[in-house]
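Number of protein chains: 2
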Amino acid sequence: MQKYQIRMSDTSTSGLLKFLPLRSFIHNDFWHKYAEIKIDIDRLDESGRSIVGTIALKKEKSTMIEVACSSFNTHYTDGSVPGFRCKGTLLNYNTMESFKQCDKKELLRTQAIRFYHDLMKLETITNSADLIHFFLLSFADLKCYKFYHWFAFPAPTELIYQYDDDQTLSAPDAAERMRLCIVQFLYQKRTPNEPFFIYHVNDGLKLLSECINHHNIEANFRTENIAEFYFCFYDPSGHSAEMPLSWHVRHPALAAQRIKCLRITGATSNELQYSGMTIYLPSNGTDVNNLVNWAGWEVDEKGKYLPRVSSLAQSMSPESLAESAINLNLKLMKWRLIPSLNLDTINKTKCLLLGAGTLGCNVARSLMAWGVTHMTIVDCGRVSLSNPVRQSLYRYEDALQGGKPKATTASERLREINPAAKITGVSMKIPMPGHPVSQGDGVAEIRDILRKLTGLIQEHDVIYLLTDSRESRWLPTMLGAFYGKLVINAALGFDSYLVMRHGYKTSGNSGGVKMETETIATYPAGFRRISGSDLGCYFCNDIVAPGNSMKDRTLDQQCTVTRPAVSNMASALAVELMVSLIQHGNAPAYYRIPKSDPLCQEQEPDGLLGIIPHSIRGNIGTLQTMITATERYANCVACSASILNRYACDKDEFIINIINGTESLETVAGLNKIMSSMFDEQDVKVSLDFESDCSDDS
Amino acid sequence: MQKYQIRMSDTSTSGLLKFLPLRSFIHNDFWHKYAEIKIDIDRLDESGRSIVGTIALKKEKSTMIEVACSSFNTHYTDGSVPGFRCKGTLLNYNTMESFKQCDKKELLRTQAIRFYHDLMKLETITNSADLIHFFLLSFADLKCYKFYHWFAFPAPTELIYQYDDDQTLSAPDAAERMRLCIVQFLYQKRTPNEPFFIYHVNDGLKLLSECINHHNIEANFRTENIAEFYFCFYDPSGHSAEMPLSWHVRHPALAAQRIKCLRITGATSNELQYSGMTIYLPSNGTDVNNLVNWAGWEVDEKGKYLPRVSSLAQSMSPESLAESAINLNLKLMKWRLIPSLNLDTINKTKCLLLGAGTLGCNVARSLMAWGVTHMTIVDCGRVSLSNPVRQSLYRYEDALQGGKPKATTASERLREINPAAKITGVSMKIPMPGHPVSQGDGVAEIRDILRKLTGLIQEHDVIYLLTDSRESRWLPTMLGAFYGKLVINAALGFDSYLVMRHGYKTSGNSGGVKMETETIATYPAGFRRISGSDLGCYFCNDIVAPGNSMKDRTLDQQCTVTRPAVSNMASALAVELMVSLIQHGNAPAYYRIPKSDPLCQEQEPDGLLGIIPHSIRGNIGTLQTMITATERYANCVACSASILNRYACDKDEFIINIINGTESLETVAGLNKIMSSMFDEQDVKVSLDFESDCSDDS
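Residue numbers (UniProt numbering), protein chains in the order written: chain S, 1 to 698; chain P, 1 to 698.
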């Protein structure tokens, strides 16, 4: 078979062995994978991560160790990636400073000695990949997707190896058998993952791991009895002993002190060449601990001993870079501050924003900053000229020619911030009690809106009430309670704000993400606790149903005259309240019992991100914040059982009646009775007071 | 002189007098002016505003009363506007609802009766403009620049006037004299402002006001002795008695009950026609209080008795509409909430923002919302892909291809919000201690930056420190103190923020707006007070000079890992602090004396917009806010006298030495001595403690 051109060394030679330095090749996906691991798993851990390098059956000037995303797999024998494996360690530093400043010489020595100690305990070696060790020093600048790195393949420079040519396998009778054996083993089957394999005169080529048990290879290594074994490896740099040997053979050579080798070259079976040699250390009994001089840092493109940098930003799509960058800011919170923060829950929360004014714009921005990407924004207005300076998603041009619709403009602007976000704008007016509609067209339109609105509420997990009137909050409050959705409400005064969550029960009508319910039962004395499902809504404190509040407003009352900070703070806190809450499910709220010891220093129970209040009332004039919690009111016009039951029965008809004023919320909620009895009581009380006053006088 | 074509009534007639309704014309500038007055002066006042209408010497079908911006002038005799004046009242309602709902019939009657009562007291009339009265009902929707309005010229419909032709002045001998007299009076001189004038057989034409004193006109009006006077007026609708008389003559007619008139028509002297008539009420002794039926509402374009709407938005430039709209939101604060708020001071404050990250973007937006239009933004960075979701002025596209420079991009985006704003972006790196520069080019660059930065600080009134490191705040803190500028500082933690103002002295180096110093000296017990100029700066609490803090930061420390709400709240409060402070000049700050009675309910002294703290430390995890005030530290590394004196002497050299570390801030500030003595004391204290511990044991 003429095509196998096996050339053999003509003369038997011996001499000092030279080694050709290893080279490295880092596939981009190696750094991509590492970026993920660093951000999500390793975080601040600097202790080093085991990686696997691969030497491919390729034609190269010298042996090249490649690392790729699969290098982080813990098993060498991952058959999906062809090539011989070798063992490595990624030593990543957390700061550029420590990457630069670390003592490179000392690092090389300690890494090498640790490895050689492992090597001497041959019983720990199950795969010949364990016989080669490299390490990779790095600093990952994840903000810029730049990876500073330096490969090292440590080897002691003080040891001088000698070699003798071994012509045994080149003898004509052995040569053909040998050649067929190699072709079968290396080229016809899948390349073995092990870098070293054994040729035994009786058994032919085998993986080192197969031989360990069969032939007591350790004993053979340790003794001079090596006649039967050839330690075989692929060396792209050449096959004859005059050509420097691949660096990676130094490792097992040191372990064995005297070893018979079969050095194979040729990326294909056509190019196959091999030669046998015996390598040995002339001096005996080397103690690696006494070795001082180690080499092995890789040189850069210019042949200098310097680290290199891989910059991935150019090769990544801007979209995926943006996604990584946005997530990085959030994931870094988990490195040190809140390791158990569940970013996934936040990211997957679908938010419905009712209102795209100052509050709506700011809430949408804050949600985006927290990594929420699924939002629907509802508003019926158009951008007016006074809006852009206060409503942070609009520009002057949006307000020209009568103004663009707010809902769609806001969603467009949000996509300009994060093109990957799923934002929908819906131009729709929320039906309101006290704003009657005409029969016919008017009612038909309301039915259409109700169909859309109930659909939206069911499709989303969290509903934000960010409109500018009390009555526009009624319907979504009621529907939120009915469908068991978390409702976050924000309302503004001139220099004060209210941010609150509505209590909700997930049972029954909920279609969204079912949130776990907090079960922590103990909490400090001095506090009262209200479970998440028993908390009140925006209307629970009111004994008057919402009506048309815009009707008699003067201009300064209409225009939401408010200090700019108020909306900024309210919307920021509204989003934090949601983010904090969904880390814990439908968490309870607490309030300090008014008559408890004022000197009691016990703190309100808190969650992962701090306390999770029911409502926050802030004032920027006094810079005071009031945290309150109130229970659901049994006769609430929006969330009481009687209202929800009535809606369950009559659906749209009920709402249309309420809007048109043909039915009264006070009556349905049973507020009428309560109020009349209240006034009765008050009358009694007043007359009693009056009587007692009289008696005082007399 | 053939050109004066005076036609006279051929036959003497008499009969019932008909009146042609008045019409109105509102120039757009009337509403523009009123919008200003309403916003800035009238605000919520609904009591009515006197206005002046004008009847022009024009060819019209019927008499037209025009109102324009000059209608708000209080004097009739404003010669700059040609035309006959008449008296009016603008009755503006604060809500659309009250405009719609008011009883129009009753309003007409009460307005008319009030007017006629004035009319009967002829002594109050100094100008014949007082003899005509109209009123204008309106609702000004200043958000949309829409003005709903309805003119009325009240007149009693129950009274039936009769007339007799008066041919006296048409007699050939009188006619030519009369004609010349009118031509001179009306057409050759400037048209008189009075709508009625008097023709006296001896004196010729005179203004009514001139006659009042000369001829005891009142007595003549009241008696039948009217032979000598002709009551003259311009009536575009015609001159002969068969043609309906202009409505406006009904008013003086009612007052006089019997009156000789000269009715003149013709917009130019060529068209001049006139005729005399006597108007009288057949019934005697009318009491206006008994009159029930009044007419006078103007009809709309379609002839219906309905209000009309003037929409100015179309005719205004979008720029000026935007300016009005932005200011409206602010000016409405003065209507009810804070009438003495000085918006002008806010508007004129020039702000220098150092840093255009999350804080910079939000501060700029909040300033814009408060009406600040002059800003300069300094940043040396470029927009990165993680920025847009948190830094509210940038978009995804700004981060592509390596990112646009932040400073110029931010200013561009701000102009897209308000094109009238004067925003400048300066890409510049603030020199920092611990970040040395190379000799030569490096130092030359620093000198250039220092020249620019000191220029910017001198040109602005308020300096915001919004950068992301401690050391970048040193130089502007020092320069702010040196030039006596208000410095507002905001810094972020993961869930906490610090917002503070630096104390400053306006004396000496200040080049900007000199702010008044608060002089209120009394304040509640339980508080300590620190004057504005004695307050500390960001570095006053530190005993270590700033150095390179970025050097050893891990990624999560570098990236300002912070909950989104933190920056939103800090920047909002930073702007409110400035706005609140500049209402009062360099106001003092207060802090509660720690050992004061905890049950003392006294509140911290506040200003127009609430308390004006020195520093605000907020935490969004606990939702607590701490208000603190601290005094300037005599050995502060940034604002102490020794540092400022040193800068005064050595200027740039001092700063370059500090940056390069060849000189130590601790030494210049005298901190070194303090610290060594502190440690000495501590050593002593520790040993003393140890001793006392021992004695306890024994």
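Glycine included, C-beta positions come from ideal geometry on N, C-alpha and C.
At a Cβ threshold of 9 Å, is residue i touching chain S?
| i | result |
| --- | --- |
| valine 603 (chain P) | Sequence inspection shows glutamine at residue 603 (chain P); the valine mentioned does not correspond to that position. Yes, glutamine 603 (chain P) counts as interfacial toward chain S. |
| arginine 528 (chain P) | no |
| glutamine 624 (chain P) | yes |
| residue 732 (chain P) | Nothing about residue 732 (chain P) can be reported from this structure: the residues present for chain P run from 1 to 698 only. |
| glycine 204 (chain P) | no |
| tyrosine 148 (chain P) | no |
| isoleucine 611 (chain P) | yes |
| tyrosine 396 (chain P) | yes |
| cysteine 144 (chain P) | yes |
| arginine 563 (chain P) | yes |
| leucine 328 (chain P) | yes |
| phenylalanine 19 (chain P) | no |
| leucine 16 (chain P) | no |
| glutamate 416 (chain P) | yes |
Quick one: what's residue i bridged to in DSSP?
| i | result |
| --- | --- |
| asparagine 92 (chain S) | S:Ser138 |
| glycine 610 (chain P) | P:Gly607 |
| residue 724 (chain S) | Nothing about residue 724 (chain S) can be read from this structure; chain S reaches only from 1 to 698. |
| aspartate 297 (chain P) | With the sequence shown as reference, residue 297 (chain P) is identified as tryptophan, and aspartate is not the correct amino acid for it. Tryptophan 297 (chain P) pairs with P:Ala152. |
Which first and last residues belong to the alpha helix (DSSP H) in which residue i is found?
| i | result |
| --- | --- |
| alanine 641 (chain P) | 641-650 |
| proline 172 (chain S) | 172-182 |
| phenylalanine 482 (chain P) | 474-482 |
| phenylalanine 30 (chain P) | 28-37 |
| glutamate 66 (chain P) | Here glutamate 66 (chain P) belongs to no alpha helix (DSSP H); instead the beta strand (DSSP E) covers 64-67. |
| leucine 205 (chain P) | Not the alpha helix (DSSP H): leucine 205 (chain P) falls in the beta strand (DSSP E), residues 204-207. |
| arginine 365 (chain P) | 358-369 |
Looking only at C-alpha atoms, which of the options sits nearest to residue i?
| i | options | result |
| --- | --- | --- |
| phenylalanine 135 (chain S) | S:Lys485, S:Ile65, S:Gly455 | S:Ile65 |
| histidine 248 (chain P) | P:Asn289, P:Pro156, P:Ser411 | P:Pro156 |
| phenylalanine 197 (chain P) | P:Lys302, P:Leu393, P:Arg263, P:His502 | P:Arg263 |
| threonine 89 (chain P) | P:Ser98, P:Asp78, P:Lys100, P:Thr110 | P:Thr110 |
| asparagine 347 (chain S) | S:Cys361, S:Ile488, S:Thr373, S:Met178 | S:Thr373 |
| methionine 626 (chain P) | P:Ile113, P:Arg617, P:Cys181, P:Thr554 | P:Arg617 |
Quick one: give me the first and last residue of the beta strand (DSSP E) that residue i is part of.
| i | result |
| --- | --- |
| tryptophan 150 (chain S) | 146-156 |
| isoleucine 259 (chain P) | 258-265 |
| glycine 15 (chain P) | 14-16 |
| tyrosine 591 (chain S) | 589-592 |
| arginine 308 (chain P) | 308-311 |
| glycine 276 (chain S) | 273-280 |
| valine 566 (chain S) | Unbroken run through valine 566 (chain S) is the alpha helix (DSSP H), 564-582; no beta strand (DSSP E). |
| aspartate 534 (chain P) | Run containing aspartate 534 (chain P): none; DSSP gives neither H nor E here. |
Tell me, please, whether the CB atom of residue i is closer than 9 Å to any CB atom in chain P?
| i | result |
| --- | --- |
| glycine 357 (chain S) | no |
| arginine 114 (chain S) | no |
| tryptophan 370 (chain S) | yes |
| valine 462 (chain S) | no |
| residue 709 (chain S) | An answer regarding residue 709 (chain S) cannot be provided, because it is not within the stretch 1 to 698 covered by chain S. |
| proline 405 (chain S) | no |
| isoleucine 582 (chain S) | no |
Three or more C-beta pairs below 8 Å linking the region 103-112 of chain S and the region 556-575 of chain P: no
Stretch pair the region 270-279 of chain S + the region 234-245 of chain S: three plus CB contacts closer than 8 Å: yes
The region 536-554 of chain P contacting the region 295-312 of chain S, beta-carbon criterion three pairs below 8 Å: no
contact_flag[the region 383-402 of chain P, the region 311-322 of chain S] where n(CB pairs < 8 Å) is 3 or more: yes
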